[in-house]
Amino acid sequence: MSVVNFEFRNEVLKHNASLSYCYQCSTCSGGCPVALLTDGKYNPRKIIEEAILGFQEKLVDEQDPNVWLCSTCQTCVELCPQNVELTEIFSLIKNRCFENGNYPEGFFSQGQAIIENGVAIPYSNAILNRRKKLGLPDVKTASVDEIRKLLKLTQFENNIKKRGG
Ligand code: SF4
Ligand code: SF4
């Protein structure tokens, strides 16, 4: 049985008050490409409903529905008649999942790549050579040290390590 967690509910509301305007019309789910591809197993309306009800366990521990499936295409945000900022709300839920080490494998490797190289998908020599052949400008690189400092401040690195063991 799902347990109402008022603290979690208030945290989501504080993060984005538009949550309280949802009247569960399902327009978001009707327009969501991921809902279409998963035959409705992924359902943004349900995520919002569970957030309104404060079902932290469902959203963060069980990931039912799995918020990580959202591609952040913003279609639901554009369609919502109540201007609910769904993807902003999903960001908070994703952050809580991340803090629990509960996130997809692909994000783990991308997180590690950011810590090591300052970018999620490092450029290979093949890509750089192809860019040269196409006459594209050199890729500007960011300071990895500065990026690491920022990641330390946000606890990003610790959370990635927690998952990595
Ligand atoms: S479209 Fe907006 S109001 Fe309708 S269910 Fe989705 S979030 Fe709620
Ligand atoms: S932003 Fe996410 S939930 Fe909204 S329509 Fe796109 S994939 Fe679906």
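So the mapping is simple: our numbering equals the position in the sequence shown, first residue as 1, plus 4. We put the CB at the ideal spot given by N, CA and C, even for glycine.
Tell me the residue span of the alpha helix (DSSP H) that contains N121. 109 to 121
Own chain partners of P126 with C-beta closer than 7 Å, once the 5 adjacent residues on each side are dropped: A117
Looking only at its chain, what residues have a beta carbon closer than 7 Å to the beta carbon of E89, apart from the 5 residues adjacent to it on each side? N20, S22, V81
From D65 to L140, what does the alpha carbon distance come to, in whole angstroms? 45 Å
Using only the heavy atoms of ligand 2, determine whether one of them is closer than 7 Å to the beta carbon of C84. no
Measuring straight from C-alpha to C-alpha, what distance separates C36 and P48? 8 Å
Counting only the same chain and skipping the five closest in sequence on each side, list residues whose C-beta sits under 8 Å from that of K50. S33, P69
Taking the C-alpha atoms as reference points, what is the distance between S95 and T42? 21 Å
Ligand 1 and Q78: does any heavy atom of the ligand fall closer than 7 Å to the residue's C-beta? no
Evaluate F59 with the Cβ neighbour count: other Cβ atoms within 10 Å of its Cβ, from every protein chain shown; 16 or more gives buried, anything less gives exposed. buried
Roughly how many whole angstroms lie between the Cα atoms of N9 and N106? 19 Å
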